[in-house]
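My numbering numbers the first residue of the sequence shown as 1420 and each following residue consecutively. All residues carry an ideal CB built from backbone N, CA and C; glycine is no exception. Only a predicted model underlies this, so the values are computations on that prediction, with no experimental measurement involved. Have a look at the structure below before the remarks.
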Amino acid sequence: MSSSSIAPTDFASILAASVHDMKNSLGTIRDLIKQLKQSNTPDNNLMQLEFEASRMNNSLMHLLALYKIELEKFNLNIDEYSLNEILNDIQAQQSALLDLNSINLELEYDAEEQLCYCDFDLVSNAIGSILNNAQRYSETQVILSAGKQNGYRYFSIEDDGAGYPEKLMTNKEIDFHEGNTGLGLYFVSIIAKLHSTANKQGYIETSNTSRLGGAKFTLFLP
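Structure below.
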């Protein structure tokens, strides 16, 4: 069969199947890494390997989610969660890399418990991918905060790096070709829009107004 006889939808299906296979392989790699960590004293190389495997897994999850969204076969698993619970989960995801890069992560949230209706796994994974990039470009510190603003629940990430390039600012169309940062922002913007009510829709903002002098990312959910 020639390549010209394969319809675009066939290719998309093949791509989705390949993603599933790669996810399984990465899962095996991550399990092996955990076993190595239990039997040996972890070093920076092993921690970096674990991080890279997790990053690849997240990218594949993003790709598969976008594929399902395109086919209108994607369903959100909406439930009620506390903002504190989501922040703590994200911190746990990133703790090894934070230690590896000597980055101090400061959590900020209201003393009064705030609740959020969202797909926990999607939101936690999406914010985690943005935090992952923030660590790579920051110097020593990142602030992860959550709260309530203008009827929305928000999650913000502020770093002390050089800031976003102009083409990744909110008032520009996000280009998912701009490396991992652009792809991550594109994915989170799609996830934000999927969270909607009768008169509100989730959205993201990017700016260079971080209190630490670098980039600031904010996800708003209704």
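Contiguous alpha helix (DSSP H) assignments of at least 4 residues, all confined to the region 1446 to 1533 = 1463 to 1489, 1502 to 1519
In the DSSP assignment, what residue or residues form a beta bridge with E1377?
-> Absent from the structure is residue 1377, since the part of the chain shown begins at 1420 and ends at 1641.
Check H1596 in the structure and name its three-state DSSP category.
-> Confidence at H1596 is low in this model, with a pLDDT of 49, below 50, so the placement of that residue should be treated as unreliable; the coordinate-derived value is given next. Coil at H1596, not helix or strand.
Considering only the beta carbon of each residue, do L1534 and S1564 sit closer than 9 Å?
-> no
Terminal residues of the continuous alpha helix (DSSP H) containing Y1556?
-> 1539 to 1556
Are three or more beta carbon pairs between the region 1554 to 1569 and the region 1464 to 1478 nearer than 8 Å?
-> no
Nonlocal neighbours in the same chain, by C-beta distance under 8 Å from S1521, ignoring five residues either side = T1559
Is Y1536 closer than 9 Å to F1639 when the C-beta atoms are compared?
-> no
Distance, Cα to Cα, Y1500 vs S1543?
-> 11 Å
Taking E1624 as the reference, which of L1631, T1616, A1611 has the closest Cα?
-> A1611
Let me know the secondary structure DSSP gives Y1622 once reduced to three states.
-> strand
Assign I1505 to buried or exposed, taking buried as 16 or more other Cβ atoms, counted over all protein chains shown, within 10 Å of its Cβ.
-> buried
Rank E1585, N1496, K1567 by C-alpha distance to the C-alpha of D1529 and give the top, closest one.
-> K1567
Do you know offhand how far T1428's Cα is from L1524's?
-> Caution is warranted here: a pLDDT of 45 is assigned to T1428, below 50, making its placement in the model unreliable, and the coordinate value is therefore given only provisionally. Those two C-alpha atoms are separated by around 43 Å.
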